[in-house]
Every structure is written in structure tokens, then in C-alpha cells.
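Trainee:
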Amino acid sequence: MTAVDGDQTASGIYDARALQDKWQARWAAELPFTASEDPADERPRSFIVDMFAYPSGDLHMGHAEAFAIGDVIGRYRFQRGDNVLHPIGWDSFGLPAENAAIERDSRPDEWTYANIETQAGSFQRYGVGVDWNRRIHTSDPEYYKWNQWLFNRFFERGLAYRRDGLVNWCPQDQTVLANEQVVAGKCERCGSDVERRSLNQWYFKITEYAQRLLDDMDQIDNGRWPEEILAIQRNWIGRSTGADVRFSIEGRDEPVTVYTTRPDTLYGATFFVVAADADLADELCAPEQREAFEAYRSDIAKLSDVERQTTERPKTGVFLGCYAINPVNGERMPVWAADYVLAGYGHGAIMAVPAHDQRDLDFALAFDLPVRVVVETGEPDPATSGVATAGEGTLRASGPLDGLGKEEAISRIIEVLAERGTGESTVNFRLRDWLISRQRYWGTPIPIIHCPSCGLVPVPDDQLPVTLPEMKGAELAPKGISPLAAARDWVEVGCPDCGGPAERDTDTMDTFVDSSWYPWRYCSPRLDTAPFDTGTVNKWGPVDHYIGGKEHATLHLLYARFFTKVLHDMGMLDFTEPFARLTNQGQVINQGRAMSKSLGNGVDLGEQIDTYGVDAVRLTMLFASPPEDDVDWADVSVVAAQKFLNRAFKVMAEAGQGTPVGTDFSAGNTDLRRATHRTIDQVSALVEERRFNVAIARCMELVSAARKAIDSGPGASDPAVREAAEFIAVALSLFAPYIAEEGWERMGHVGSVAIGNWPEVDPDLLVQESVTCVVQVQSKVRDKLSVAPDIDAEELERLALASEKAQNFIGDKQIRKVVVRAPKLVNIVVG
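So for the sequence shown, this note's numbering puts the first residue at 2; every next one is plus one.
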């Protein structure tokens, strides 16, 4: 650490390391941030939660920003006198621990819990004010027992089910991935190309809650959640209204249903497309097309859903050798298999209307298929322009729809389809059910027993948790099935229903299950009879403020919202949205790029703290930008933060020597008192608005004002100096807790500065008795006037024109115009 030595009492210069050692020990002994469960405690409750940390190593610069943001919010509520629950925990299951165990020939729990202890020590060093009594780890059997208990409740309600389906398969990690875990066709964790496979997997039926997930966004809109996150979720859920239309297929008894949002364009359908990886494509394929179809399906198995849907990919497909019949005009339409239609969307088949859908048009032009315009928009013919006309217009070449507009035509064609028994109005969602099976060891075992006689049998509640067998090293290596399958003594059990021989399910749950309900466990973390105490959660919940990265918009946040609604329906929660307010932090980058050892721009958090101290690093991080913006470490100055803290500490130390605790502030310098109360008022509003960087700037201004008063007035003996210094300590307790605690103590206070010391604003001191008005002639400053803040424009103009200094520059020139911006500006234009 860059030592900041000197006589700390006389000079006010502080030693960051000494303060950290002193106050860490004090906080550990006193636990000042412990939430109260006393029924007689009538203080307002505030529930502040930071997104789980993952114990992959020590804290890094991203943690430094995210947890500093949450700490400011929590500390502010403590200062305002709330009963605050600000807990901490670790999302401690997952692949990194398992892969580390394979590399080290060890157990995943050894790596995991060693990293947790390292991070816990770093959190304490970083001064994060949390309730350590409520600490949880998702890999503890005492926690994941309740994952299994909740799984059983979902299973009973039909919300957990098993089925065959196409999944994303990572060949390196040897496990399935949710669509959200595939980025540009690659596994988000290891970067391997993802493959498509058909497997029997476990799912949660999140689609049953699709409409409620949309409707309940009203509770978290209007600035409570970032609009970007709400937009992402709305798009991911993807609600649309349209029609299910049944097409007969030549040679097939059952019709094929197609979902379309534009049934009015049915007369423009010229071919039919089935998802190449759907069972329907395999069923419809004619024998003479089998070889070409199989080769094509093999080629697209390596593509993710996102890649298949991009408009930039050239359209590919294969004719299946059969025809569909258009239900409105009886035309035969060739049936193709293609990659741009997904098996999981709608019914896995579409009617292609190339004139009015760009993807259909691209496909039609690639394979020389007919393009028929049925919506007249006045735009060029898509067959020659290559641009589909998907907008509003008048129907043509569409029988009974001719001359109708879009909405009227949709209503009419649905009536026609219903009359003929070939279709009806329907609502569709893009959202797919949540695939939770993982073929790896380090996760929550799925509590299901497979019995040849009884089928799928949940493990009885009194036999939970189903704990993981002890495995290590090479035993955990991916084999295409879960490593648990090899633990035969663990797998082979008796059926709970019939007693016959049976086997445990060997998959483990997606770790997003662990993090979908963890805030409620914080409310009663040691309870052994239920996941949480419902009464206690309903007193604290929902979470008042949730802090974390926006990369979780379509994963964790959506799943947590789903879980909350299910728990509400089970009578366990009396609210339906988990997080009343959400703050997303930006990234910490360096030299305009993400930090990376390979790029040579990595910054080690521990080294920064050793060099400058925790307070300077925290202050730098929070002062650099608003929470949601990126922080470029190359553009900030920790040294400047350290120098400011020295100045602030010196003011606090001198104030402590100048006046005693309990001094009557009213006798102090009025100008400094006004500055202090304006700062209290402004910082309060700025912290509520999460504009921490501006709040710190206001604190800096107050330090300068106090320093000026000390140096130019009666010195530190002025009561107004103590008032300013005390608020400096209180405000800095949010951002730089060590120096704030020390400064508070130096001023003679007993007890932590962090709890319940936010001062009330004196409204009389917010009223300005006078303001400075700048008088300009030809836009150049020529005089300054002291005027009443509520002076009217006419009076202000009169005073400005009467100014002797202004008149010296006006002289004999004619006044052409006087611009008045009361009460702060008058500009006299002459010519």
C-alpha cells in the first residue's frame, strides 16, 4: 500500500491499512448490519439483495463495482433508520467447480468451499455491510434439499415433466444447454460449437405462466426496472395473436396445423415449410427424397436456434416430395424442410407467403418458387425487387377478402376458417418451456425414482435431501451421460411405492433453479421444516432493491419471476413479483476493452486495494460513472480519490478537536450551514436516484467549503464546521466506510456512523436569502448583483440597467435588447 504516514491526530492524514484492520475487527465483533426480527421493531423494513456471487476465485473488479453499488443502497437505508435485511450468499453449484475437480483430481466441494472462504474474507475486507448471520451456499444439502422439495411440488402440479425433445448439446462439457446459454452457436462457458440432439429431458412448464409474466410487468414498470430489461423480456416471451390453420397433406390422414399472425394472406401462400429437425419432416419425407433429407438434417444439427433464424444466413432446404392443400383455395403447395423454421415455435410448420415475409421471399427466390402479391401496398413487386411488402394495405386476389384492410380481413378469414372447420383464432408465445436437466455431477440431484412398474416416482419428502455420492477427479469426466450413472450403489434403490428394484434419476438441475428462489431463504436461512417461513417472507418481501448484471435478463430474472408466481399460487407468498426495483451495473473495462490477461489489460482488485486502500478503490469505482454505465479503469484516478479522502479526513479530525459532541450548530456560520443543508438535501435525492457519482461530487464540494471556513474564519471551533464534518462522515459511510467510521470516532461519537445518523434538513436553511445575478453587456460579464431569489424580471432589468459598471460599457450606444433570465442573468445587447 502507498503509505500515507504522519501524525494522524495532528495532521488528519490517515493510514488506510491501519483503519481497515481496526474497523474490520470492530465490525466482526459488533455485527452492526444485522437485521432485526423483533416483532416490536416498528422501523420500516428494507430488503436489499445483490445477485449471487459465484466462487470461481477471489473477487475481481466486476465484483468491486456490483457489490459497492448494493452496499451504498443498503447503507443508505441503514442511515435513514430502516430495519435493513442485506444478506450474502454463494451460487456454489455448477460446471467450473466440476471441471476444476477433474483437472486437480479432487472433489468439487473442496475447490468450491475454499473459494467461498477466500471471497468471504475479501467481502469483509471490502467493507460490504451485510448480515453475515444469514449467509447461504446453494451446494449445502440444507439448501438443495428445498430445491428437491420444490421440484416435487412442481411435479405434483404438472409443472415439472419429462419428454423427448431436441436440445442444445455441448460436446466438450457433455451436457445440454438452454437456448439462452448458446451464444453465436457456441457454448457460453467453454466456447465449443453446440450440436442439436434428441434427448429425454426434464422441463419446467414456464409457458403456463407466459401471459402472467407479461401482465405483471405493470408492477415493475415506470422506472422501477430498466426499460431495456423489460423490453428484452417482452420480446423473449413473444406474445402474438393470430390463427391456427389446418392444412391437409396428400397421403396423410391427419391435417397439419400452422400458426400464423397473418391469416389474411392465406391466398398468397405458395409453398409449405416444416422444421427440418421436427418429427413431422421425417414422417412426411418421401422415400426418393430420404437420402437428401438425411444429409441436410445432419448439416443443420450443428446450428443454434439463433443462427438458424438470422436473416443474414443464405436460405437452405430440401423438397420432401409431398404436397399440402391450401384450405381456402384448394391449391397444391410443395412441402419443404428448411432450417429457418424451428420445431419449437408454433407447430413446427409454416405456410410460406413469400410476397409478404422476407424470410419466405428469400427462400422462394433461392429455390425458384412462386411469389404472389395479395396485399396491395403500392410498393414494387417483391419478385423483382427482392423486398417483401409486409406492411398495411388492401387485400387483392383473395376471394372474399378483396378490398378489405388488414384487420378487417383477418377477422373475416378467421370466420371463414371456423365455418369450414379448418381454423380458429389463437394466441401464441415465443417462450419455450425451461429445460432443467444437466448431465453433470455438481448440482442438485433430481428427486425422481424410475420404477419399471410404477413409472416416475418422487422421492418422499421425509427422505430428502437426496445427497450427492462422493466422487472426484476422473470419475467426474463427461461421458455423454451424467457421471452419477456410474455410482451404482447410489443409483440402485427400492421403489418408494411398490418396494421393487428401481433407479434414481441421474441428471442434476440447472443451477438457475438454485437462484430462482434464494431471496426467500435469506429470510429464514436455518429453518429445517420448510424452504422458508411464509410469514417472515411476506413481512420482508418482495425484495425492495435488487442489484446485478443485465446479462441475466432472459435467464435468472425471468426464472425468478416464474418461481415467485408458482410459490404465490401455492400459498407460500402473498406477492407475485420478486423484485420491486432493479439496478443493473455496467462492466469494468480497461483501455476500452474487457479486461483480459491475454490482452495485457487486466487489473487485479487485490493489488489496487493493497496500493491505495479499500476506501479509495470504492470511491473511484462509484465516482467514475452512473451504476449502469461501463467504468474504464484507464480513465479514472485512484490517486485523486485518495487525495480527496485525505482532505476529508483532515476536516473531520480538526472538527473533532475544535468543538465537542452535542455542540449547538445554530450559532455557526450561516453560509456554511446553508451549504451543508443543501448538500444533505441534494445527496439524499441523488442516492435515491442512484446517481452516486454526483452525490460524491457534492460531498467533495462540502469538504472544500468546510476547508475554506476553517482556513478563513474562526477555524474548527465554528459549530458550522462540526455540522459539515459530521455530515461528511455520514455521507462517506456509504462510499468509503473505513474513513467515515474513523472520522466519526475522532469527532467524539460512540457507536457506528453507519446506523441511523442521516440528519434532517432544516428547510429554512434551504431558502436562499440572495443569489448572484451576472450582468452582461454584449454577452461579456461586466457586473454581479446580489438579488432576492424571487425577484421578478422587470425589477431585475431595472437594477442591471442602473449598474454603474454596466453603464460604463454601454456608454452612448443604443440599447437594442435586454435578455433577462431571472434571477441569475441579464444580457444587455447594444448597437
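Yeah, the Cβ is synthetic: ideal placement off N, Cα and C, and Gly gets one too.
Could you tell me if the beta carbon of GLU196 falls within a distance shorter than 6 Å of some heavy atom in the ligand FMN?
Mentor: As far as ligands go, the structure on display features none, and thus does not contain the ligand FMN.
Trainee: Excluding sequence positions up to five away, which residues of its chain have a Cβ less than 7 Å from the Cβ of LYS480?
Mentor: GLN175
Trainee: Measuring straight from C-alpha to C-alpha, what distance separates ALA17 and VAL618?
Mentor: 11 Å
Trainee: Of all the beta strand (DSSP E) runs that stay within the bounds of the segment 483-557, which reach a length of 3 or more residues?
Mentor: Entirely contained in the segment 483-557, the beta strand (DSSP E) runs reaching 3 residues are, in chain order, 493-495, 502-505, 546-550.
Trainee: May I ask you to verify whether the segment 260-277 touches the segment 218-235, counting CB pairs closer than 8 Å and requiring at least 3?
Mentor: No: fewer than three Cβ pairs fall under 8 Å.
Trainee: Report the CB separation of PHE48 from GLY549 in whole angstroms; it is logged as a contact under 8 Å.
Mentor: Contact flag wrong, Cβ pair sits at about 15 Å.
Trainee: The beta strand (DSSP E) that contains GLU425, what's its start and end?
Mentor: 424-430
Trainee: Assign ASP245 to one of two classes, buried (16 or more other C-beta atoms within 10 Å of its C-beta) or exposed (fewer than that).
Mentor: buried
Trainee: Is it right to say ARG135 is buried, meaning 16 or more other beta carbons lie within 10 angstroms of its own, or is it exposed?
Mentor: buried
Trainee: Can you tell which of PRO109, GLU209, ALA121, ASN539 has its C-alpha closest to the C-alpha of GLY90?
Mentor: ALA121
Trainee: Do you know offhand how far GLU655's Cα is from GLN643's?
Mentor: 18 Å
Trainee: Evaluate GLY331 with the Cβ neighbour count: other Cβ atoms within 10 Å of its Cβ, from every protein chain shown; 16 or more gives buried, anything less gives exposed.
Mentor: exposed
Trainee: Between GLY744 and ALA721, what straight-line distance do the alpha-carbon atoms span, to the nearest angstrom?
Mentor: 16 Å
Trainee: Drop a sphere of 10 angstroms on the beta-carbon of ASP92, count the other beta-carbons inside from all chains shown, and report buried for 16 or more, exposed for fewer.
Mentor: buried
Trainee: Distance check for ALA581 and ALA69, CA to CA, integer angstroms please.
Mentor: 20 Å
Trainee: When DSSP builds the beta bridges, which residues end up paired with HIS451?
Mentor: In DSSP, HIS451 forms a bridge with LEU457, GLU504.
Trainee: For the alpha helix (DSSP H) holding GLY122, just list the boundary residues, first then last.
Mentor: 109-126
Trainee: Measure the Cβ-Cβ separation of ASP59 and SER140 and say whether it is below 7 Å.
Mentor: no
Trainee: Which of the three DSSP states is assigned to ASN602 in this structure?
Mentor: coil
Trainee: Can you tell me which of ILE437, PRO97, ALA710, LEU767 puts its alpha carbon nearest to the alpha carbon of VAL177?
Mentor: ILE437
Trainee: If we count the other Cβ atoms within 10 Å of its Cβ and call it buried at 16 or more, is ASN223 buried or exposed?
Mentor: Flag for ASN223 reads exposed.
Trainee: Determine, using beta carbons only, whether ARG594 and GLY657 come nearer to each other than 7 Å.
Mentor: no
Trainee: Among all the DSSP beta bridges, which residues are the ones paired with GLN586?
Mentor: GLY550
Trainee: Among ALA179, ILE207, PRO172, VAL754, which has the Cα closest to the Cα of CYS191?
Mentor: PRO172
Trainee: Classify ASP633 as helix, strand or coil using the three-state DSSP reduction.
Mentor: strand
Trainee: If you run the structure through DSSP and keep just helix, strand and coil, what is THR262?
Mentor: Assigned with DSSP and collapsed to three states, THR262 falls in coil, not helix or strand.
Trainee: Looking only at its chain, what residues have a beta carbon closer than 6 Å to the beta carbon of PRO532, apart from the 5 residues adjacent to it on each side?
Mentor: TRP147
Trainee: For GLY75 and ARG44, which I take to be in contact (beta-carbon distance under 8 Å), what is that distance rounded to the nearest angstrom?
Mentor: With 8 Å as the limit, GLY75 and ARG44 do not qualify as a contact, their Cβ atoms being about 14 Å apart.
Trainee: Can you tell me the Cα-Cα spacing of ALA211 and LEU826, whole angstroms?
Mentor: 56 Å
Trainee: Residues in the same chain with beta-carbon distance under 7 Å from SER525, minus the five sequence neighbours each way, listed in chain order, please.
Mentor: PHE533, ASP534, THR537
Trainee: Short of 6 Å in beta carbon distance, which residues of its chain neighbour VAL762, apart from the five on each side in sequence? Order them along the chain.
Mentor: HIS678, ILE681, ASP682
Trainee: Please state if the CB of PRO470 and the CB of ALA488 are separated by a distance shorter than 7 Å.
Mentor: yes
Trainee: I want to know whether the segment 499-518 touches the segment 421-431 - three or more CB-CB distances under 8 Å.
Mentor: no
Trainee: Output the distance between the C-alpha atoms of VAL688 and ALA698, rounded to the nearest integer angstrom.
Mentor: 12 Å
Trainee: Where does the unbroken alpha helix (DSSP H) through GLU31 begin, and where does it stop?
Mentor: 17-31
Trainee: Using the rule of at least 16 other Cβ atoms within 10 Å of the residue's Cβ for burial, across every protein chain shown, is ALA11 buried or exposed?
Mentor: For ALA11, the predicted model reports a pLDDT of 40, less than 50, meaning its position is unreliable; a value from the coordinates is still stated below. By the neighbour-count rule (16 or more Cβ atoms within 10 Å), ALA11 is not buried but exposed.
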